[in-house]
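Beneath this line is the structure, given in structure tokens, with notes to follow.
Take a look at the structure:
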């Protein structure tokens, strides 16, 4: 998608909200989302200290929960840590607590670098609070600390704030430091091409308002808000879906479809939609932009003149080598490089851009886990029928060690790095692989095309940087995950049965997937839909 010359806020101004879901009668809400700290770094030379630290943070997030048997089904619940317990095999530092209470874990931590967030208008007069998207918890919570760091919600400045020790069912939050807060939030009603801004609609919402005690070292953590997007109620520590923001928006009647969706425009901006999807609206904007560019080429005057030069360069670059797409008015600016003239039958199963491919949520009740039918490398299917978890805050593709090694074995010249970086693999920079993912009847490219502006890594989007300065080998973005109990000699993960985190055979797909396909999450029917961009 080549619209980097336009800031995403400009694009959202032009969106006329509507939805692809025929069951919806009300337009969806669209929010701009941003990656805190900017795009994931893509330097010329890989920074292994940073890459390893990022992997350790991901490991810690995914090992903060465990599976238990509840009734006749397996559910995922928060894990309770004991003081001094080592939380994962990548980071040996003992975990003694979180921002709320020593010895307990609130899954929805806020303000972390690399997290995706949106701005939430709350209170009267309204305050803007960073609302982090968190796909591994089900809670809607605002965390206020005295640290002076993060994004602040000052309830004393809101004339509509109230607080209670009880939730809607008359029960306590059952989590130390948290009480039930209530205030009004502003929902964006979109933009009309003739009338301009439609403004905001304010509705009252409940949320968990959590404060750490000042004597806890965790009080030095960030302030902010967390929007839990996990599907399992067991991952709701302070209200979960029953008190979640999305459920309350649907209940208010602003939208009528129990679906939310994500689409990343580039490495640092995206669109989060509630009550539907945004891809057709963005396509409509792109068609408008193309018309403006044609006016400029014809010597006319465009309202986008000041931003045209950079955008035109992006469009020209995206159009080269893509003549086969010129007749498709649905694609607009979203062109793709030609994969291989010999493998077009492998690249697409269907040419209909409007088709949604739906997959049922599977596995333990909790995360958005679905079945991936296959991974294709350079036209060859190398992996099939694998469970994956979707998490937008993961910048890598992470897989079971033996599966990742199988994948790289199909890339000529690739090799596994020696310890302590043996979770990473390298490949020849001049020959990046062409990667296709298969879900149901849908196949689509990922990690295709050039880096975002400012990224200098060779080897395309598949690369995390060269192994060392001047090297012809690049570090691949597909890395080995080691989430279970690793046996030091055999290097085999032992984590079978219901107990444990259940990650030994799991793939994690994050930003690389959301960059190349729009994903919709139906929390009522418990299914995930994908649509090619």
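Numbering (mature numbering (1 follows the signal peptide of the UniProt record, and there is no 0)), first residue to last: -24 to -1, 1 to 509. Just so you know, even glycine gets a beta-carbon here, dropped at the ideal spot from N, CA and C. Quick caveat: nothing in here was measured; it's all calculated off a predicted structure.
Determine the direct distance from the alpha carbon of residue 94 to that of residue 226, and round the result to whole angstroms.
19 Å
Compute the Euclidean distance between the alpha carbons of residue 232 and residue 7, then round it to the nearest angstrom.
17 Å
Please work out which residues of its chain come closer than 8 Å, Cβ to Cβ, to residue 195, disregarding the five sequence neighbours upstream and downstream, and give them in chain order.
75, 121, 122, 123, 188, 189
Helix, strand or coil, according to DSSP, for residue 247 in the structure here?
strand
Presumed contact (8 Å Cβ cut-off) between residue 211 and residue 250, rounded CB distance:
Rounded, the Cβ-Cβ distance is 19 Å, inconsistent with contact.
The alpha helix (DSSP H) that contains residue 453, what's its start and end?
Element bounds for residue 453: n/a, residue is neither H nor E.
At what residues does the beta strand (DSSP E) containing residue 132 begin and finish?
No beta strand (DSSP E) holds residue 132; DSSP gives it neither H nor E.
Please list the segments of the alpha helix (DSSP H) lying wholly inside the stretch 197 to 235, counting only runs of 4 or more residues, in order along the chain.
221 to 228
For residue 3, count neighbouring C-beta atoms within 10 Å of its own C-beta (all shown protein chains included) and say buried if the count is 16 or more, exposed if not.
buried
Whole-angstrom C-beta distance between residue 228 and residue 496, which should lie under 8 Å
About 21 Å separates the two Cβ atoms, so there is no contact after all.
In three-state DSSP terms, what is residue 372?
coil
Does residue 482 get closer than 8 Å to chain C when you measure Cβ to Cβ?
The question asks about chain C, but that chain is absent: this structure has only one protein chain.
Might you give, ordered along the chain, the residues of its own chain that have their beta carbon closer than 7 Å to the beta carbon of residue 146, omitting 5 neighbours on each side?
Since pLDDT at residue 146 reaches only 48, below the 50 mark, its modelled position is unreliable, and no value is offered.
Local conformation of residue 120 per DSSP, three classes
coil
Tell me, please, which residues DSSP counts as bridged to residue 159.
181
Sequence-distant residues of its chain with Cβ nearer than 8 Å to residue 137 (five each side left out):
99, 131, 157, 158, 159
Quick one: measure Cβ to Cβ for residue 435 and residue 408, integer angstroms, because I've assumed they're closer than 8 Å.
5 Å
Test item: CB-CB of residue 112 and residue 455 under 8 Å:
no
Where do the N-terminal and C-terminal ends of the alpha helix (DSSP H) with residue 24 fall, by residue?
24 to 38
Compute the distance between the beta-carbons of residue 388 and residue 353, then report whether it is under 8 Å.
no
With a 10 Å radius around its C-beta and 16 neighbouring C-beta atoms as the bar for buried, classify residue 340 as buried or exposed.
buried
Counting along the chain, where does the alpha helix (DSSP H) carrying residue 51 start and finish?
Premise fails: residue 51 lies in the beta strand (DSSP E), 49 to 54, not in any alpha helix (DSSP H).
Measuring straight from C-alpha to C-alpha, what distance separates residue 366 and residue 182?
27 Å
Residue 357 - DSSP class collapsed to helix/strand/coil:
strand
Suppose you measure from the CA of residue 39 to the CA of residue 24; what does that come to, to the nearest Å?
22 Å
Could you give the residue range of the alpha helix (DSSP H) that holds residue 488?
487 to 490
Taking C-alpha atoms, which residue in 361, 507, 82 lies nearest to residue 493?
507
Run through the DSSP bridge pairs and tell me what residue 363 is partnered with.
347
Which same chain residues, not among the five before or five after residue 247, have their C-beta less than 6 Å away from its C-beta?
6, 239, 254
Let me know if residue 29 comes out buried or exposed under the rule of 16 or more other beta-carbons within 10 Å of its beta-carbon.
exposed
Drop a sphere of 10 angstroms on the beta-carbon of residue 437, count the other beta-carbons inside from all chains shown, and report buried for 16 or more, exposed for fewer.
buried
By Cβ distance, which residues of its chain are closer than 6 Å to residue 334, with the 5 residues on each side in sequence left out?
503, 505
Same chain only: Cβ atoms within 7 Å of residue 349, ignoring 5 sequence neighbours per side:
360, 361, 414, 415, 416
Have a look at residue 419 and residue 101 and give me their C-alpha separation to the nearest angstrom.
48 Å
Separation of residue 402 from residue 384, as counted between CA atoms
9 Å
Buried or exposed for residue 45, going by 16 or more other Cβ atoms inside 10 Å?
exposed
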